[in-house]
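Reviewing the structure listed below.
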Amino acid sequence: MVENRPFLTFLTHAFLILGFAVVALPVYVAIIASTHDIATLMSGPVPLLPGSHLIENYSMILTSASAANGLPNYSHMALNSLIMAVAITVGKISISILSAFAIVYFRFPFRQLAFWIIFVTLMLPVEVRIMPTYKIVADLGMLNSWAGLTIPLIASATATFLFRQFFMTVPDEMLEAARVDGAGPMKFFRDILLPLSRTNIGALCVILFIYGWVQYLWPLLVTTDPGYYTLMMGMKRMVTVQDGVIQWQLVMAGSVLAMLPPILIVIFMQRLFIRGLTETEK
Amino acid sequence: MAGIKIAGVSKIYAGGVKAVNSVSIDIADGEFIVLVGPSGCGKSTLLRMIAGLEGISDGEVSIGGRVVNRMEPAERDIAMVFQNYALYPHMTVYQNLAYGLRNRGTPKAEIDARVAEAARMLEITQYLERKPRALSGGQRQRVAMGRAIVRKPAAFLFDEPLSNLDAKLRVSMRGEIKRLQRRLGTTSIYVTHDQLEAMTLADRLVVLNGGRIEQIGSPLEVYHAPASTFVASFIGSPAMNLVSGELHGNRLAIGPAVIELGAQAPASGPVTVGIRAEDLRLARDGEAALPLNVDYVEELGAQRLVHGQVGDQMLTVALSPAIAIGEQLSLAIDPARLHFFAVDGGRRIGEGSVPAHASAPVAQPV
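Line order of the protein sequences matches chains A and B. Going by the numbering used here, 50 is the number at position 50 of the first sequence; the sequence numbering is gapless. Going by the numbering used here, 17 is the number at position 17 of the second sequence; the sequence numbering is gapless.
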């Protein structure tokens, strides 16, 4: 629609800028706060202009042996978060693409039932079924382990559902042509379905990595060993010190750093997306 | 290369619906068979059963003397061309052609040679490194055929391969398929709902209706001696006129008109009379004639189709454009060119007369 109404253009832009400001302001404040020393932050409202302690604060959070009392150092927690996010992403995509493949392309008894059982898990968020899940994980002796941290979060239906919907749009003739060409089921999966799903996998990688990265409640429940602490838990602990002052400048520096991996993955995967799209769109 | 034998093959779906009902066809080595019929007649199902994409409920299919009922499509030594091409979108044309060979463990050098040969034959050599998306419909169709050719199978199976192309391209691709099949001498089964495609491609036509074979024969046999009113109305354009008439001795009454047959009629009583539009001509003075009240005229250039009524029955006549057309026409027909069908069931009565010139290709009005 081509319209030339200056007032409307002005209005829409005004709304967009306003919305952007509302979303971006807290992030801006966090970045600013991470450049001041603790005295400035404690003395009153957070200044809106950058201070002079940027390098000092960031090198402190990255190098000090402990991020706060009783916590492991920052990079250790960041590594934990990374392992967890990657494990969840890889695990979820592998499991869901295989289960979607089974549900769409194989005829077996209770196929529909299997799909619906997977599907109903979508109806309840993790938080609602967290107690029974915790009980099972605890009984299996998986507390304080990578398995306990990641496996319960890997089992979910969202990705299965997405892949199922995508597979159903792949024409049947594709499978038939592959059969005539002598490709068995797994060969068809590897040679045809996987490459076709590339953009879907890319999109899910972004979503699931961020999902894994920002997990807070579950790691908090299943880990008591500080060696397994993730960034999100660590940030929270840094704010809840019993006595003494909260090192806000370090908390803010830590938060800003914790935002970087999701941002990087969005930027990086988006390029993959576009490459995938342009290749098929040519 | 091999013949295909289809013996009493049926497809019965859950609920007892018979999509294909006890069909038997013997296909000779190198023959081009076209399965033709309206949608839902079971022609695609039959083809898919031969390909192994659909289970065979009853009967037996053998390719080159091997019964293939329980074999996977890949083991049947067939290649298939699909209506929507079914090219692998993420592979280049070369990879598309090579995929089946690679799965068979063909040596790399031979794959290269065969792909190059097929590409040259189909004139797609310059597109080998492209993705299917970068090709036009006709080029994709060639790639789909190339994928079949490189395998050097015992038989080609075509499932309405031209119906996604525009009319002009369809005609040229039709010629190309025919030429290619002649050259390779590979047994082929081709499914289409387009009677013109069927007529021009087939060595033998198999006309299907409701899961049963209505008629098997060469295109001209089917055209000149349709076995039933269904075949008569399906094959040929414009469709054969089917009017009701009555036979008495050696005379035929159609509405108010009476035609002398000059010989004893093959039956007596009410019949369905089939008349090809091009078999009718203007009656000479004093000749017994069918009076036609003209409704409207379709100009086709080389000929004109005159639609009108005899009594209260519709009739279409193909006439030369040189003939002036008034409100009413008197039409005559060579009695030998009349077709008679039973009113009940529509089966043909009597022998068909294939004219002497029938061996020459029939010019098909489009």
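A virtual CB, placed ideally from N, CA and C, is assigned to each residue, including glycine.
Beta-carbon of Lys-282(A) versus every beta-carbon of chain B: anything under 7 Å? As a first step, residue 282(A) is located in the first sequence; it is residue number 282 there, counting from the start. Any answer about Lys-282(A) is weak, because its pLDDT of 31 lies below 50 and its placement is not dependable; what the coordinates show is given next. Judged by the 7 Å Cβ criterion, Lys-282(A) is in contact with chain B.
Residues in its own chain within less than 7 Å of Ile-103(A) by CB, not counting five upstream and five downstream? Position 103 of the first sequence, counted from the first residue, corresponds to residue 103(A). Excluding residues within five positions, the ones whose Cβ falls inside 7 Å are Arg-111, Ala-114, Phe-115 and Arg-164.
Distance, Leu-315(B) Cα to Gln-303(B) Cα: Here residue 303(B) is taken as the residue at index 303 of the second sequence, counted from 1. Here residue 315(B) is taken as the residue at index 315 of the second sequence, counted from 1. Straight-line Cα distance between these residues: approximately 16 Å.
DSSP has Gly-308(B) in a bridge; who is on the other side? Within the second sequence, the letter at position 308 stands for residue 308(B). Its beta-bridge partners are Val-294(B) and Leu-315(B).
What are the residues in the stretch 59-91 of chain B lying within 9 Å of chain A by C-beta distance? Residues passing the 9 Å Cβ filter: Glu-72, Pro-73, Ala-74, Glu-75, Arg-76, Ile-78, Ala-79, Met-80, Phe-82, Gln-83, Asn-84, Tyr-85, Ala-86, Leu-87, Tyr-88, Pro-89, His-90 and Met-91.
Which of the three DSSP states is assigned to Val-273(B) in this structure? Locating residue 273(B) in the second sequence gives position 273, counting from the first residue. Val-273(B) falls in the strand class under three-state DSSP.
Contacts that Glu-94(B) makes with chain A (C-beta to C-beta distance below 9 Å): In the second sequence, residue 94(B) corresponds to position 94, counting from 1. Sequence inspection shows Tyr at residue 94(B); the Glu mentioned does not correspond to that position. Under a criterion of Cβ atoms nearer than 9 Å, no residue of chain A is adjacent to Tyr-94(B); the nearest Cβ is some 14 Å distant.
For the beta strand (DSSP E) that Lys-11(B) lies in, which residues bound it at each end? The residue given as residue 11(B) occupies position 11 in the second sequence. Element bounds for Lys-11(B): 4-12.
Here's the rule I'm using: 16 or more other beta-carbon atoms within 10 Å means buried, otherwise exposed. How should Lys-131(B) be labelled? Walking along the second sequence from the start, residue 131(B) turns up at place 131. Lys-131(B) should be labelled buried.
List, in order along the chain, the chain A residues whose C-beta lies closer than 8 Å to that of Arg-114(B)? Reading the second sequence from its first residue, position 114 is the one you call residue 114(B). The premise fails here: Arg-114(B) is roughly 14 Å from chain A at the closest Cβ pair, so nothing lies under 8 Å.
Whole angstroms is fine: what's the gap from Leu-247(B)'s alpha carbon to Tyr-85(B)'s? Taking the second sequence and counting its residues from 1, the one referred to as residue 247(B) is at position 247. Taking the second sequence and counting its residues from 1, the one referred to as residue 85(B) is at position 85. Here the C-alpha atom of Leu-247(B) lies approximately 51 Å from the C-alpha atom of Tyr-85(B).
Local Cβ density within 10 Å of Ala-119(B), reported as buried at 16 or more and exposed below that: In the second sequence, the residue the question calls residue 119(B) occupies position 119. Counting every other CB atom within 10 Å of its CB across the protein chains shown gives Ala-119(B) a total of 16 or more, marking it as buried.
When burial is assigned at 16 or more other CB atoms within 10 Å of the CB, is Glu-214(B) buried or exposed? Indexing the second sequence from 1 puts residue 214(B) at position 214. Looking at its Cβ environment, which holds 16 or more other Cβ atoms inside 10 Å, Glu-214(B) is buried.
Buried versus exposed, by CB contacts within 10 Å (16 or more), His-224(B): Taking the first residue of the second sequence as position 1, residue 224(B) is located at position 224. Burial is judged here by how many other beta carbons sit within 10 angstroms of a residue's own beta carbon; His-224(B) has at least 16 and is buried.
Check whether Thr-272(B) and Val-343(B) have beta carbons under 7 Å apart: Counted from its first residue, the second sequence places residue 272(B) at position 272. Counted from its first residue, the second sequence places residue 343(B) at position 343. In this structure, Val-343(B) lies closer than 7 Å to Thr-272(B) by Cβ.
Quick one: measure Cβ to Cβ for Ile-63(B) and Val-206(B), integer angstroms, because I've assumed they're closer than 8 Å. The sequence position of residue 63(B) within the second sequence is 63, counting from 1. The sequence position of residue 206(B) within the second sequence is 206, counting from 1. Not quite, the Cβ-Cβ distance comes to about 17 Å (not below 8 Å), so this is no contact.
Determine, using beta carbons only, whether Asn-103(B) comes closer than 7 Å to chain A. Counting from one through the second sequence, the residue named residue 103(B) turns up at place 103. Between Asn-103(B) and chain A, the shortest Cβ-Cβ separation is below 7 Å.
Does the Cβ of Arg-190(A) have 16 or more other Cβ atoms within 10 Å, making it buried, or fewer, making it exposed? One-based indexing of the first sequence puts residue 190(A) at position 190. Exposed, because fewer than 16 other Cβ atoms sit within 10 Å of the Cβ of Arg-190(A).
For Arg-337(B) versus Asp-279(B), is the C-beta spacing smaller than 7 Å? In the second sequence, residue 337(B) corresponds to position 337, counting from 1. In the second sequence, residue 279(B) corresponds to position 279, counting from 1. It is a contact, given that the beta carbons lie within the stated cut-off.
For the alpha helix (DSSP H) that contains Gly-138(B), what are its first and last residues? Counted from its first residue, the second sequence places residue 138(B) at position 138. Where Gly-138(B) is concerned, the enclosing alpha helix (DSSP H) stretches over 137-149.
Is Gly-202(A) close to chain B, meaning its C-beta is less than 7 Å from at least one C-beta of that chain? Counting from 1 along the first sequence, the entry for residue 202(A) is found at position 202. Not one chain B Cβ lies under 7 Å of Gly-202(A).
For Ile-31(A) and Ala-253(A), what's the separation of their Cα atoms in angstroms? One-based indexing of the first sequence puts residue 31(A) at position 31. One-based indexing of the first sequence puts residue 253(A) at position 253. Using only the alpha carbons, I get a separation of about 7 Å.
If Ile-35(A) sits next to His-13(A), beta carbons under 8 Å apart, how far is it from one beta carbon to the other, in whole angstroms? Here residue 35(A) refers to the residue found at position 35 of the first sequence. Here residue 13(A) refers to the residue found at position 13 of the first sequence. According to the sequence shown, residue 35(A) is Thr rather than Ile. Contact annotation, Thr-35(A) with His-13(A): C-beta distance approximately 30 Å; criterion of less than 8 Å not satisfied.
Only counting the same chain, and skipping five residues up and downstream in sequence, which positions put a Cβ closer than 8 Å to that of Arg-251(B)? As a position in the second sequence, residue 251(B) is number 251, starting the count at 1. For Arg-251(B), where only same-chain residues beyond five positions count, the Cβ hits under 8 Å are Val-258, Ile-259, Glu-260, Leu-261 and Ala-265.
Grouping DSSP H, G and I as helix and E and B as strand, with all else coil, what is Met-80(B)? For the purposes of this step, residue 80(B) is identified with residue 80 of the second sequence, where counting begins at 1. The answer is strand: DSSP assigns Met-80(B) an E or B state.
Starting from the Cα of Val-214(A), find the closest Cα among Thr-199(A), Leu-153(A), Tyr-134(A) and Met-42(A) and give me that residue. Within the first sequence, the letter at position 214 stands for residue 214(A). Comparing Cα positions, the closest option is Leu-153(A).
For a cutoff of 7 Å on Cβ pairs, would you count Leu-53(B) as touching chain A? Here residue 53(B) corresponds to residue number 53 of the second sequence, with the count starting at 1. Taking Cβ atoms only, chain A reaches closer than 7 Å to Leu-53(B), which makes this a yes.
With 16 other CB atoms within 10 Å as the buried threshold, where does Val-9(B) fall? Taking the second sequence and counting its residues from 1, the one referred to as residue 9(B) is at position 9. Under this definition Val-9(B) is a buried residue.
Can you give me the C-alpha to C-alpha distance between Val-297(B) and Phe-101(A), rounded to a whole angstrom? By 1-based counting over the second sequence, the position of residue 297(B) is 297. By 1-based counting over the first sequence, the position of residue 101(A) is 101. In this structure, the alpha-carbon of Val-297(B) lies about 58 Å from that of Phe-101(A).
Under the DSSP definition of a beta bridge, which residues are partnered with Asn-209(B)? The residue given as residue 209(B) occupies position 209 in the second sequence. According to DSSP, which records beta bridges pairwise, Asn-209(B) is partnered with Arg-212(B).
Cβ neighbours of Leu-264(A) in the same chain (closer than 7 Å, five flanking residues each side left out): Here residue 264(A) refers to the residue found at position 264 when the first sequence is read from its first residue. Correct list: empty, nothing qualifies.
What distance in whole Å lies between the Cβ atoms of Ala-148(B) and Met-80(B), which are believed to be in contact at a cut-off of 8 Å? Locating residue 80(B) in the second sequence gives position 80, where the first residue counts as 1. Locating residue 148(B) in the second sequence gives position 148, where the first residue counts as 1. Yes, they are in contact, since the Cβ atoms of Met-80(B) and Ala-148(B) sit about 7 Å apart, within 8 Å.
Alpha carbon to alpha carbon, how far is Glu-279(A) from Leu-97(B)? Locating residue 279(A) in the first sequence gives position 279, counting from the first residue. Locating residue 97(B) in the second sequence gives position 97, counting from the first residue. Unreliable placement is indicated for Glu-279(A), whose pLDDT of 48 sits below 50; the coordinate value is still reported in the next sentence. One alpha carbon belongs to Glu-279(A), the other to Leu-97(B), and they sit about 20 Å apart.
Which chain A residues are close to Gly-380(B), counting only those with a beta carbon under 8 Å from its beta carbon? Here chain B has residues from 1 to 366 only, and residue 380(B) is not among them.
Could you spell out where the alpha helix (DSSP H) holding Ala-167(B) opens and where it closes? The count along the second sequence starts at 1 and reaches residue 167(B) at position 167. For Ala-167(B), the enclosing alpha helix (DSSP H) starts and ends at 167-184.
Proximity winner among Pro-335(B), Gly-3(B), Gly-345(B) and Ile-333(B), relative to Leu-157(B) (alpha-carbon distances): In the second sequence, counting from the first residue as 1, residue 157(B) sits at position 157. Measuring from the Cα of Leu-157(B), the nearest candidate turns out to be Gly-3(B).
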